[in-house]
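Peer 1: First the structure, which I've put down as structure tokens, then a few questions once you've had a look.
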Amino acid sequence: MHVWAPKAHIQSKPTLVLIHGIGANAMWQWNDFVSPLMSRFNVYVPDLLFFGESYTTRPERSEQFQAQCVMRVMDAYGVTVMSVVGISYGGFVGYSMAAQFKERLDKLVLCCAGVCLEEKDMEKGMFKVKSVDEAISMLLAQTPDKMRELMKISFHKPTKGIPSCFLNDFIHVMCTEYLQERKELIQALHKDRKLSDLPKITQPTLIIWGEHDQIFPLELGHRLKRHLGDNAELVIIKNAGHAINVEKPKELYKHMKSFLIDPLPPVKQGNYSNDRKTD
């Protein structure tokens, strides 16, 4: 598993792990957030299995296995306790880390992560798509037209008029490797999923959701808040869709900072290597 990590881990700083979603590698999704977070945290940004430079020959495709692999990476760096921010699919992985490794996760931020979805939600018409196969064809877009469909449901106000040549280049760089394995990740996420099977984590949790999310509708955010009770806070970002890290990065960072950073004293910066609404 490939990870962007500090050149030197500063013991006086807490550790923060940023986990990406489906669709692109870790730094493409988190690049704008790393620099402002570095002054207060040892920031680690892993590529999940079958993204970027991370892969496995093992057959497991569950978010539980991804979570175990991320934790093994943190073990290799000698990190015992951390906070985690996961967006979309990365939130599924972060939630599983919190459930499996209770003593090692301090705080958890879940961004538009539909961990409370159930297999029957698809049949009941909660989503824009009617089947898992249809979801896969859009989430793992392989043509400019499919990429435009994905952008349309990912953003509240999608950019229009993007040339096909640009979209083809993005697809070639970000969306063609490990295509079958990524399909299996999505299938594993949905198959036989029941809310009654979802562990109730105990770590302080911030749930952040785009008001107009069409991939994981806001109802899933409210469902997760009900599931976790007083241990979680739900923040809804107005005029935002699913891709809040791209569409509303300043608002997302503000809420991450309030939850993770504000109580902490400033620390010298290190170097790096390879239910309320808000406007």
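For the sequence shown, the working numbering begins at 11 and goes up steadily by one.
Backbone N, C-alpha and C define an ideal beta-carbon position, used for all residues, glycine too.
1) To the nearest angstrom, report how far apart residue 133 and residue 15 are at their CA atoms.
2) Can you tell me which of the three DSSP states residue 89 falls into?
3) Got a sec, what are the start and stop residues for the alpha helix (DSSP H) residue 101 sits in?
4) Determine, using beta-carbon pairs with one atom in the stretch 74-84 and one in the stretch 105-121, whether at least three such pairs fall under 8 Å.
5) One question on the structure: do residue 125 and residue 101 come within less than 8 Å of each other, judged by their Cβ atoms?
6) Applying the criterion that 16 or more other CB atoms from any shown protein chain within 10 Å of the CB defines a buried residue, is residue 255 buried or exposed?
7) For the beta strand (DSSP E) containing residue 116, list its first residue and its last residue.
8) Whether or not the stretch 184-200 and the stretch 113-120 are in contact is what I'm after, with contact meaning three or more pairs of Cβ atoms, one per stretch, closer than 8 Å; do they touch?
9) Do residue 220 and residue 166 count as a contact pair if the criterion is CB distance below 8 Å?
10) Where residue 62 and residue 172 are concerned, what is the direct C-alpha to C-alpha distance, given to the nearest angstrom?
11) List the whole-angstrom C-beta distance separating residue 269 from residue 119, where the pair is believed to meet the contact cut-off of C-beta under 8 Å.
12) Classify residue 168 as helix, strand or coil using the three-state DSSP reduction.
13) Between the stretch 20-32 and the stretch 51-66, are three or more C-beta pairs nearer than 8 Å?
14) Do residue 250 and residue 312 count as a contact pair if the criterion is CB distance below 8 Å?
15) Using only alpha-carbon positions, find the residue among 65, 21, 236 that is nearest to residue 13.
16) Taking the alpha helix (DSSP H) that residue 263 belongs to, which residues open and close that run?
17) Please classify residue 56: does DSSP put it in a helix, a strand, or coil?
18) Leaving out the 5 sequence neighbours to the left and right, which residues in its chain are closer than 6 Å to residue 259 when beta-carbon positions are compared?
19) Can the beta-carbon of residue 225 be found less than 8 Å from the beta-carbon of residue 252?
20) For residue 242, does the three-state DSSP call read helix, strand or coil?
21) Would you kindly work out how many angstroms separate the C-alpha atoms of residue 103 and residue 122, rounded to a whole number?
Peer 2: So, from the listed chains and residues:
1) 42 Å
2) Residue 89: coil per DSSP, three-state reduction.
3) 99-110
4) yes
5) yes
6) buried
7) 115-121
8) no
9) yes
10) 24 Å
11) 6 Å
12) coil
13) yes
14) Because residue 312 is not part of the residues shown, which for the chain are 11 to 289, the question remains open.
15) Out of 65, 21, 236, the CA that lies nearest to the CA of residue 13 is found in 65.
16) 259-266
17) Per DSSP, reduced to three states, the secondary structure at residue 56 is strand.
18) 42
19) yes
20) strand
21) Computed Cα separation, rounded: 13 Å.
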